[in-house]
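Read left to right, the sequence shown gives residues 1 to 150 (UniProt numbering).
Each residue gets a CB set at the ideal place from its N, CA and C atoms; glycine is no exception.
Each remark here refers to the structure printed beneath this line.
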Amino acid sequence: MARSPDPKGSGGLSQRQLRVGEQVRHALAQVLQRGEIRDDLIARTVISVSEVRMSPDLKIATCFITPLGDADTQAVIKALAANAKFIRGRMAPSLSQMKYMPEFRFRADTSFDNFSKIDALLRSPEVARDLGHHDEEDRGADKASGNGDE
């Protein structure tokens, strides 16, 4: 019988993957902040590293980035991918406790876009109307049971 990669069966990342991912994220952010990468696009763009997901064997690091400002996300990802080996070398001293230095893959972080969509949806008049109607029902039930704020 094959072993499940996650003993709890939750399908999530292991504690080790989360810990190493956070260490890699911190080291990558330092390299980007210090401006060690000699690429014009990367040098003039402020890049936020929101998350790093490690593969189960810790050999692949998927880095989710968001360029701040008006920079083209795909162009920044291509520039980072072109400099991935240089970045890997610069991060080696910070991650010396790792047996293998991971291969870096860069992806656009869409969580901020998703947040904006959800926020806009929650602020829409239809949802506000439904929430207001729901609140009135709750207040009516509270008054009927004697739990009103009066």
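- isoleucine 47 and valine 76 look like a contact to me (Cβ under 8 Å); what is the Cβ gap, rounded to whole Å? What you label residue 47 is simply residue 47 of the sequence shown in a count that begins at 1. What you label residue 76 is simply residue 76 of the sequence shown in a count that begins at 1. A Cβ-Cβ separation of about 7 Å places isoleucine 47 in contact with valine 76 under the 8 Å criterion.
- Item | Counted within 10 angstroms of its Cβ, other Cβ atoms place alanine 92 as buried (16 or more) or exposed | The residue labelled residue 92 in the question sits at position 92 within the sequence shown. Alanine 92 comes out exposed.
- Give the secondary structure of leucine 68 by DSSP, where H, G and I count as helix, E and B as strand, and everything else as coil. Numbered from 1 along the sequence shown, position 68 holds the residue referred to as residue 68. Secondary structure at leucine 68: strand, using DSSP grouped into helix, strand and coil.
- Item | Own chain residues within Cβ distance below 8 Å of proline 67, not counting five before or after | Translated into positions along the sequence shown, residue 67 becomes position 67. Here proline 67 has Thr45, Val46, Ile47, Ser48, Thr73, Val76 as same chain residues with Cβ atoms under 8 Å from its own Cβ, once five neighbours each way along the sequence are excluded.
- Query: In chain order, what residues of the same chain have a beta carbon less than 7 Å from the beta carbon of arginine 88, not counting five sequence neighbours either side?
  - Reply: Working through the sequence shown from its first residue, we reach residue 88 at position 88. Excluding residues within five positions, the ones whose Cβ falls inside 7 Å are Met101, Phe104.
- Using a Cβ-Cβ cut-off of 7 Å (strictly less than) and excluding sequence neighbours within five positions of serine 55, which residues of its own chain qualify? Here residue 55 refers to the residue found at position 55 of the sequence shown. A distance below 7 Å between beta-carbons, with the five flanking residues on each side excluded, links serine 55 to no residue of its chain.
- Where does threonine 62 sit, in a helix, a strand or coil, going by DSSP? Looking up residue 62 in the sequence shown gives position 62. Residue state, collapsed to three classes: strand.
- Can the beta-carbon of leucine 58 be found closer than 9 Å to that of glutamine 17? Sequence index remark: in the sequence shown, residue 58 carries index 58 (1-based). Sequence index remark: in the sequence shown, residue 17 carries index 17 (1-based). At the C-beta level, leucine 58 and glutamine 17 come within 9 Å of one another.
- Item | methionine 91 - DSSP class collapsed to helix/strand/coil | Working through the sequence shown from its first residue, we reach residue 91 at position 91. The answer is helix: DSSP assigns methionine 91 an H, G or I state.
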